[in-house]
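S.K.: Sharing a structure, written as structure tokens. Questions coming.
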């Protein structure tokens, strides 16, 4: 039986590509969540007026990869101390966030954030929030890195 998790770590193209490399990840969909606009478009989200974050919905096999391991990958793929930005991308849509889907995910995310904060010299800006509706992004955004051989700030190997 599969499970799912939602993460935001800046531009969703690189985040998607990084999670796709994790053994046990079955699928990754890029999209928008955490805002107030119904069925937002990319252009609307980029306006920084919808409240949505660019995010990924990760479907995984918990018999192969744990949610805790996905959290470790999440922390490695971006700078969680940057508020509402990653690299050159600026705006609330690029915020660092974990959208938990169950009490167990919430507890794991909180414990993970506390561990990360102890390791960091700067305050962690990552938002923890209950998962809201996830809106898949337009088809041309899905698997963007694979189709165009480009990525954002996110390194595409989890072992960095």
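In the numbering used here, the protein residues as written are 1381 to 1540. Built from N, CA and C at the ideal position, the CB exists for glycine as well. Predicted model only: the values in this text are computed from it and were never measured.
1. Closest to residue 1525 by CA distance: which of 1383, 1408, 1497, 1385 is it?
2. So, do the region 1401 to 1420 and the region 1433 to 1441 have three or more beta carbon pairs nearer to each other than 8 Å?
3. Could you spell out where the beta strand (DSSP E) holding residue 1479 opens and where it closes?
4. Taking its Cβ as the centre, do 16 or more other Cβ atoms sit within 10 Å of residue 1445, making it buried, or is it exposed?
5. Alpha carbon to alpha carbon, how far is residue 1508 from residue 1455?
6. If you drop the 5 nearest sequence neighbours on each side, which residues of the same chain put their C-beta closer than 7 Å to that of residue 1539?
7. Quick one: complete beta strand (DSSP E) runs, 3+ long, within the region 1387 to 1430?
8. Which parts of the region 1452 to 1507 are runs of the beta strand (DSSP E), unbroken and 3 residues or longer, counting only runs that do not cross its ends?
9. Less than 7 Å between C-beta atoms, sequence neighbours within five positions excluded: which residues of the same chain meet that for residue 1488?
10. Below 8 Å, how does it come out for the region 1474 to 1488 and the region 1385 to 1404: are there three or more Cβ pairs, yes or no?
11. Flag this pair as yes or no: are the beta carbons of residue 1392 and residue 1517 separated by less than 8 Å?
12. Would you give the residue range spanned by the beta strand (DSSP E) that residue 1445 belongs to?
M.R.: Quick answer:
1. 1408
2. yes
3. From DSSP, the beta strand (DSSP E) with residue 1479 extends over 1476 to 1480.
4. buried
5. Cα-Cα distance, rounded: 13 Å.
6. Any reading at residue 1539 must be qualified, since the residue scores a pLDDT of 36, below 50, and its modelled position is unreliable; the value itself is stated next. Excluding positions up to five away in sequence, the list is empty.
7. 1405 to 1413
8. 1476 to 1480
9. In its chain, beyond the 5 residues on either side, 1447, 1448, 1451 have a beta carbon closer than 7 Å to the beta carbon of residue 1488.
10. Here the region 1474 to 1488 makes contact with the region 1385 to 1404; the two share three or more CB pairs at distances below 8 Å.
11. yes
12. Taken as a continuous stretch (DSSP letters only), residue 1445 belongs to no beta strand (DSSP E), as it is neither H nor E.
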